[in-house]
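Presented below is the structure to which this report refers.
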Amino acid sequence: MSIKIFTNPDFIIFGSGILLAVTASFLGVFLISRKMALISDALSHVALPGIGIAYILNFDIFLGAILVLAPVLFLLILIERKTKLDFNSLIGIIFALSIAIGAFILPNEELLEGLFGNIRELYIRDFILIALFSSFILVFLIKYYRELMLISFSEEWAKIKRINIFYLNVMFFLATALVISLGIKLIGALLISSLLIIPASSALNLAKNAKQMIFFSVICGALGITFGLYFAKTANISSFTGPIIIISETIIFTLTLILKRFRKM
Amino acid sequence: MNETLLKIENLEISFNGTSEPVVRDVSFELKRGEAIGVIGPNGSGKTTVLHAILNIIPYKGEIKFYESIDKNDEIGYLPQKLEINKSIALSVNDFLKLNLNGKNKIADKGGKIKKMLEFLHSENLLDRQLIYLSRGEVQRVLFIASLLNEPKILLLDEPTTGADPTAEETIYNHITELKEKGEVGIIFVSHDLNIVHKLADKVLCLNKKMLCFGAPREAFNESNLIKLYGENMKLYEHEHKNIY
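First to last, the sequence lines map onto chains G and P. Residues are numbered in our numbering as their position in the first sequence, beginning at 1, plus a constant of 49. Residues are numbered in our numbering as their position in the second sequence, beginning at 1, plus a constant of 74.
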C-alpha cells in the first residue's frame with residue numbers, strides 16, 4: 050500500500066502541485082518585492098526552445114528547459130553587469146527570440162503542451178524531481194532570508210550592509226529558473242509565472258509584516274492550486290488544468306483585494 | 075579617547091569612463107569621540123568620499139582603519155536618500171531585526187530595538203509598515219538602523235533630510251550625546267553651516283578636492299567659503315555665548 054500511494058496519479062498530481070505552489074509562492078514574495086514580476090513572466094518563455102530541443106532529441110522537457118534557462122539567465126546577469134544595459138530591455142529581446150525559436154522547432158501539439166502544460170505527462174519521476182528541487186530552493190530561501198529580504202527592500206542598502214548581491218542574484222535566478230522548468234508539465238510555460246506572481250500579490254494585500262507576507266503567499270498558492278486541480282478533476286477537464294489553476298489563483302487574489310478594501314473602510 | 079580610528083591619505087576617486095577624478099587630494103584623520111563635519115556645494119564629492127570609506131566604490135590612495143576596529147565591526151551609515159522598493163510588506167520591527175548582526179541578535183532578547191525606538195521618540199513606529207512612512211520617519215528608522223550594531227565609526231550623509239524640526243532636533247541631540255560619550259568617531263555631511271559649527275570638532279571643506287581641514291573657527295573664514303561656494307557667499311558674524 051505504501052508504494053502504491055506514491056504511484057497513484059492523483060497523489061503525484063496533487064503532491065507535485067502543492068510542493069511547487071509552496072516553493073513558487075515563497076520565491077514570488079522576493080520577486081514581486083523587487084518589481085520582477087514581469088521579468089519572471091518573460092523568463093518562463095525562454096524555456097520554450099529548451100522544450101523544443103528536448104522534444105527533438107527525445108529527453109525530459111524539465112531537463113531541456115533548465116539547460117536553456119540557466120545559461121541564458123547567467124549570460125543576462127553578466128551582460129547587465131558589464132554593459133549596464135537595462136535588465137528589462139535585455140529580457141524583452143531574449144523573450145521574443147525564444148518564442149520565435151520555440152514556435153519554429155516545436156510541432157503544434159507539443160507547442161500547446163509546452164505553453165499550457167499537460168498533467169497526463171506527469172509521472173512519479175517528475176514528482177521526485179519536484180520534491181528534490183523544491184527542498185533545495187526552500188532551504189536556500191530560508192538560509193538567506195535576511196540577505197534576500199534586505200536586497201528586496203533596497204539593493205543600495207544591501208550593498209552598504211556588505212551583502213554579496215551578485216552571488217545571491219545568481220542563486221536567486223537559478224532558483225527561479227528551476228521553479229519555471231519544474232512547472233512546465235503541470236501548468237505550462239505561458240502560465241507558470243502566475244504561480245510565482247499571483248499568490249505573492251494576494252499576500253501583499255493582506256500582510257502587515259514580512260512573516261505574514263510569506264505565510265499568506267504560501268497559503269494562497271497552495272489553496273489556489275488545490276482548488277484548481279480538484280475542479281479540473283471533478284469536472285473531467287484535465288487538459289485545461291493549467292488555465293483553471295490560474296483562474297482559481299486569480300479568484301483568491303480578487304477576494305484578498307476586496308478584504309483589503311473592506312479593512313480600510 | 076583621542077585614539078585614531080581612521081586615517082585617509084591622498085584619496086582619489088574616478089568613475090568609469092572619466093579621466094578627471096571626481097575627488098582628489100583628500101587626507102585626514104578621524105579620532106574616537108570626534109565629529110568631522112564635511113561641507114561643500116552640490117556635486118563636490120561629499121557622498122563619494124563616504125562611499126569610499128564604506129568600500130563600495132573603487133578608489134586610489136589609502137584608507138586605513140586602526141587596530142581597534144575589528145574586521146567584522148560595522149561602519150554605521152545613514153544615506154541621504156535611499157530608494158526603497160514599494161511592493162514589500164516589511165514592518166519597522168522586521169527591518170531593524172534584519173539589520174542586527176550576529177552578537178546583537180542575541181542581545182535583542184533585551185529589547186534593544188524597542189529601547190532605541192523609545193530613545194528617539196519613535197516607539198509608535200515599531201509595527202508600522204516601512205512603505206507607508208513619511209520620508210522623515212524613514213530617515214529616523216534608518217538612523218536607528220545605522221546605530222543598532224554599536225558601530226565605532228558613524229557616517230551620516232545629511233542626516234536630517236526630510237525630517238521635521240522635532241525629528242531634526244532629536245537626531246542632532248543624539249549625535250551630540252554619542253559624541254560626548256566618546257565611543258564613536260563621526261563623519262557627517264551637512265549643508266547647514268550652523269549645525270556644522272555647533273557639532274563639528276573639525277571641518278573638512280570639499281570641492282572636488284580638499285580645500286581645508288581644521289577646527290571650525292579656522293575653516294570658516296571668508297576665503298575658504300568663497301573657494302567653496304563662490305563670490306556670492308557672505309559671512310555674517312554674530313556672538314553665540316554658549317555655542318559649545
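Every residue, glycine too, gets a C-beta built ideally from N, C-alpha and C.
In this structure, how does DSSP classify Asn137(G) when only helix, strand and coil are distinguished? Taking the first sequence and counting its residues from 1, the one referred to as residue 137(G) is at position 88. Three-state DSSP puts Asn137(G) in a helix.
With a cut-off of 8 Å, does the C-beta of Tyr303(P) fall near any C-beta of chain G? Against the second sequence, residue 303(P) aligns to sequence position 229. Judged by the 8 Å Cβ criterion, Tyr303(P) is not in contact with chain G.
With DSSP as the reference, please indicate the residues paired to Ile263(G) in a beta bridge. Indexing the first sequence from 1 puts residue 263(G) at position 214. Answer is none; Ile263(G) lacks a bridge partner.
Using a Cβ cut-off of 8 Å (strictly closer), state whether Lys316(G) contacts chain P. The structure shown does not extend to residue 316(G), since chain G is modelled only from 50 to 314, so the question has no answer here.
Using 8 Å for Cβ pairs, my map puts Gly232(G) next to Ser74(G). What's the rounded Cβ distance? As a working note, residue 232(G) is residue 183 in the first sequence. As a working note, residue 74(G) is residue 25 in the first sequence. Wrong, their Cβ atoms sit about 12 Å apart, outside the cutoff.
Pairwise C-alpha distance: Lys134(P) and Ala219(P): To locate residue 219(P), count along the second sequence from 1; it is residue 145. To locate residue 134(P), count along the second sequence from 1; it is residue 60. Roughly 29 Å between the two C-alpha positions.
Just reading off the beta strand (DSSP E) that Arg98(P) is part of, what are its end residues? Along the second sequence, read from residue 1 onward, the residue named residue 98(P) stands at position 24. Unbroken beta strand (DSSP E) run through Arg98(P): Val97 to Lys105.
So who's on the other strand from Gln203(P), going by DSSP bridges? As a working note, residue 203(P) is residue 129 in the second sequence. Looking at the DSSP assignment, Gln203(P) forms a beta bridge with Ser165(P).
Within the same chain, show all residues whose beta-carbon is closer than 7 Å to that of Asn316(P), passing over the 5 residues directly before and after it, in chain order. Your numbering for residue 316(P) matches position 242 in the second sequence. Because Asn316(P) sits at a pLDDT of 49, beneath the cut-off of 50, its placement in the model cannot be relied upon, and the following sentence gives the value as read from the coordinates. Cβ neighbours of Asn316(P) beyond the five flanking positions: none.
Smallest Cα separation from Gln154(P): which of Leu229(P), Leu85(P), Pro132(P) and Gly185(P)? For this step, residue 154(P) is matched to residue 80 along the second sequence. The candidate whose alpha carbon is nearest that of Gln154(P) is Leu229(P).
Can you list, in chain order, the residues of its chain with a C-beta nearer than 6 Å to that of His271(P)? Leave out the 5 residues immediately preceding and following it. Mapped onto the second sequence, residue 271(P) falls at position 197. Hits under 6 Å: Pro290.
Look at the alpha carbon of Glu35(G) and the alpha carbon of Gln213(P), and state the distance between them as a whole number of angstroms. Lying before the first or after the last residue shown, residue 35(G) is absent from chain G, which here runs from 50 to 314.
Compile a chain-ordered list of the residues in the region 82-112 of chain G whose CB is closer than 9 Å to at least one CB of chain P. Ser82, Arg83, Lys84 and Ala86
Let me check understanding here. Comparing Cα to Cα, which of Ile229(G), Ile177(G), Ala207(G) and Thr305(G) lies closest to Phe55(G)? The sequence position of residue 55(G) within the first sequence is 6, counting from 1. Here the closest residue by C-alpha is Ile177(G).
With distances taken from CA atoms, which of Thr122(P), Glu103(P), Glu211(P) and Leu170(P) is nearest Ser88(P)? On the second sequence, residue 88(P) is found 14 positions in, with the first residue counted as 1. Nearest of Thr122(P), Glu103(P), Glu211(P) and Leu170(P) to Ser88(P), Cα basis: Thr122(P).
Using a Cβ-Cβ distance cut-off of 8 Å, determine whether Asp168(P) contacts chain G. Looking up residue 168(P) in the second sequence gives position 94. Chain G contact via Cβ: present.
Rounded to whole angstroms, what's the CA-CA distance from Ile173(G) to Ile61(G)? Just pull it up for me. Counted from its first residue, the first sequence places residue 173(G) at position 124. Counted from its first residue, the first sequence places residue 61(G) at position 12. Roughly 6 Å separates the two Cα atoms.
Helix, strand or coil: which one does DSSP assign to Met85(G)? Taking the first sequence and counting its residues from 1, the one referred to as residue 85(G) is at position 36. Coil at Met85(G), not helix or strand.
Can you list the residues of chain G that Pro239(P) reaches, using a CB-CB cut of under 9 Å? Looking up residue 239(P) in the second sequence gives position 165. Per Cβ cutoff of 9 Å: no residues; Pro239(P) is ~26 Å from chain G at best.
Considering only their Cβ atoms, is the gap separating Pro292(G) from Gly165(G) smaller than 8 Å? Start at 1 with the first residue of the first sequence, and residue 165(G) comes out as number 116. Start at 1 with the first residue of the first sequence, and residue 292(G) comes out as number 243. For the sequence presented, residue 165(G) should be read as Phe rather than Gly. Going by C-beta atoms, Phe165(G) is nearer than 8 Å to Pro292(G).
Determine contact between the region 294-305 of chain G and the region 240-257 of chain G, defined as no fewer than three beta-carbon pairs at a distance below 8 Å. yes
Report back the beta-carbon spacing between Arg195(G) and Leu194(P) to the nearest angstrom; my notes put them in contact at under 8 Å. Along the first sequence, read from residue 1 onward, the residue named residue 195(G) stands at position 146. Along the second sequence, read from residue 1 onward, the residue named residue 194(P) stands at position 120. About 23 Å separates the two Cβ atoms, so there is no contact after all.
Cα-Cα separation between His265(P) and Ile113(P), rounded to whole angstroms: If you number the second sequence from 1, residue 265(P) lands on position 191. If you number the second sequence from 1, residue 113(P) lands on position 39. Whole-angstrom Cα-Cα distance: 6 Å.
Taking Cβ-Cβ distances shorter than 8 Å, what residues in chain P pair up with Asn258(G)? Reading the first sequence from its first residue, position 209 is the one you call residue 258(G). Per Cβ cutoff of 8 Å: Ala163, Leu164, Ser165, Asn167, Asp168, Asp201 and Gln203.
Tell me where the beta strand (DSSP E) around Ile87(P) begins and ends. Numbered from 1 along the second sequence, position 13 holds the residue referred to as residue 87(P). Looking at the DSSP string, the run of the beta strand (DSSP E) that includes Ile87(P) is Thr78 to Ile87.
Are there any heavy atoms of the ligand SAH lying less than 7 Å away from the beta-carbon of Lys189(P), as far as the coordinates show? Annotation note on the ligand SAH: not contained in the displayed structure, which lists no ligands.
Taking only three categories from DSSP, how would you classify Asn173(P)? Reading the second sequence from its first residue, position 99 is the one you call residue 173(P). Here Asn173(P) sits in helix by DSSP.
Would you say Ile212(G) reaches chain P, if we count a Cβ-Cβ gap shorter than 8 Å as a contact? Counted from its first residue, the first sequence places residue 212(G) at position 163. With 8 Å as the cut-off, Ile212(G) does not count as an interface residue toward chain P.
Alpha-carbon to alpha-carbon, Gly64(G) and Lys53(G): Numbered from its first residue, the first sequence carries residue 53(G) at position 4. Numbered from its first residue, the first sequence carries residue 64(G) at position 15. The straight-line gap from Cα to Cα measures roughly 14 Å.
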